[in-house]
Ligand code: NAD
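In our numbering, the protein residues as written are 386 to 707.
Quick look at the structure:
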């Protein structure tokens with residue numbers, strides 16, 4: 386299956402559909418990554434915080450060894466965790482993450498969240514999570530400004546440790562601020578984006594500035610029900626929503642494919658996750674059919690500005706999106 390690429394503002398190319406690695410179990414992760422490569426996935430969206438970078442790398446190494454792909458066929462994304470925002474921590478942790486994957490560059494490296502928390506050494510706890518203490522009771526912030534962190538991330542691109550660099554979970558205000566100091570404009574903005582949370586003006590701003598958008602949690606509440614999040618359980622599932630299933634039936638596609646196509650047809654990249662072979666193939670086939678303009682509009686009209694991925698929704702007292 387051929388997946389189109391998005392040309393980034395630094396000249397690199399990013400596949401429009403990828404495989405998301407959050408909540409992929411360590412025990413099955415290498416096999417899942419291998420299977421995804423066999424199915425045709427070339428983009429893998431990882432992060433320090435997902436705690437499975439070693440296993441992701443093992444799956445990739447096996448696929449390369451078996452001759453399925455070469456490293457240059459793949460687009461590997463990772464992210465800087467909040468506790469490594471202090472400028473002097475950025476390069477060492479990136480090098481550790483590269484070593485975990487068993488590769489010597491990331492295709493894309495993102496600031497995961499616009500919040501700096503106190504450094505915890507990898508030897509002490511890894512991935513460190515949100516809390517400074519092992520018991521998980523206290524959040525302590527670091528004094529690193531987002532400007533200082535972005536400048537350190539720019540160095541990763543200059544040194545070839547990341548071919549492209551970007552940000553995740555940034556708002557319009559944070560992007561506008563970043564434009565005042567950035568030497569390198571982010572190539573990608575990764576954000577929560579589904580019909581209940583469309584962030585139209587943020588999408589507009591990124592487009593105006595030539596920043597590609599990757600949508601995460603494209604199925605809305607589905608991902609957060611797995612995390613026992615009350616607001617997700619209390620929200621009508623998108624995958625079973627009459628509007629979405631009606632459009633899906635009309636096109637002979639699944640509800641998941643309609644939700645992903647709603648994003649890709651509007652120029653966004655998507656990174657769904659599934660450990661089911663049939664769904665894995667389905668989720669990759671989301672650029673080969675077209676929705677009607679009025680169908681896209683009706684889906685967009687479901688927006689209720691409902692963001693699920695907020696620390697406080699997990700009981701974590703970090704007010705980054707307050
Ligand atoms: P997702 O939207 O991909 O949904 C996953 C859920 O949908 C799972 O329960 C899965 O079983 C189900 N599903 C997948 N395919 C399906 C299909 N075809 N039919 C029916 N159900 C299906 O959720 P996500 O994992 O939250 O987001 C995708 C990726 O985005 C993550 O794995 C991660 O890489 C990235 N992400 C990034 C951030 C960030 O802060 N930058 C936050 C969340 C997720």
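Each residue gets a CB set at the ideal place from its N, CA and C atoms; glycine is no exception.
| Item | Value |
| --- | --- |
| Touching by the beta-carbon criterion (3+ pairs, under 8 Å), the region 570 to 587 and the region 547 to 559 | yes |
| Where residue 526 sits in the DSSP three-state scheme | strand |
| Expected contact under 8 Å - CB spacing of residue 404 and residue 415 to nearest Å | That belief does not hold up - the Cβ atoms of residue 404 and residue 415 are roughly 13 Å apart, past 8 Å. |
| Check: residue 638 C-beta below 7 Å from any heavy atom of the ligand NAD | no |
| Residue ranges of each beta strand (DSSP E) within the region 489 to 561, 3 or longer | 491 to 496 and 547 to 553 |
| Cβ pair residue 491, residue 399 closer than 8 Å | no |
| Cβ pair residue 476, residue 559 closer than 8 Å | no |
| Cross-strand partners of residue 391 (DSSP beta bridge) | 399 |
| Cutoff 8 Å; reference residue 566; Cβ partners in own chain excluding five residues on either side | 532, 535 and 536 |
| Three-state class that DSSP yields for residue 697 in the structure shown | helix |
| Any 3 or more C-beta pairs closer than 8 Å across the region 444 to 464 and the region 484 to 498 | yes |
| Any 3 or more C-beta pairs closer than 8 Å across the region 582 to 590 and the region 608 to 616 | no |
| Sequence-distant residues of the same chain with beta carbon closer than 7 Å to residue 392, five excluded per side | 398 |
| Alpha carbon of residue 646 to alpha carbon of residue 520, nearest angstrom | 42 Å |
| Residues of its chain near residue 474, where Cβ-Cβ distance is below 7 Å and the 5 sequence neighbours each way are ignored | 504 |
| Closest by C-alpha distance to residue 712, when choosing among 440, 629, 447 and 395 | With the chain covering 386 to 707 only, the question about residue 712 has no answer from this structure. |
| C-beta contact flag for residue 693 and residue 602 at 8 Å | yes |
| Neighbour-count burial assignment, residue 506, 16 or more Cβ in a 10 Å radius | exposed |
| Counted within 10 angstroms of its Cβ, other Cβ atoms place residue 468 as buried (16 or more) or exposed | buried |
| First and last residue of the uninterrupted alpha helix (DSSP H) at residue 608 | 607 to 610 |
| Those residues which DSSP pairs with residue 405 across a bridge | 430 |
| Beta-carbon spacing of residue 600, residue 648 below 8 Å | yes |
| Counted within 10 angstroms of its Cβ, other Cβ atoms place residue 639 as buried (16 or more) or exposed | buried |
| The ligand NAD heavy atom lying under 7 Å from the CB of residue 603 | yes |
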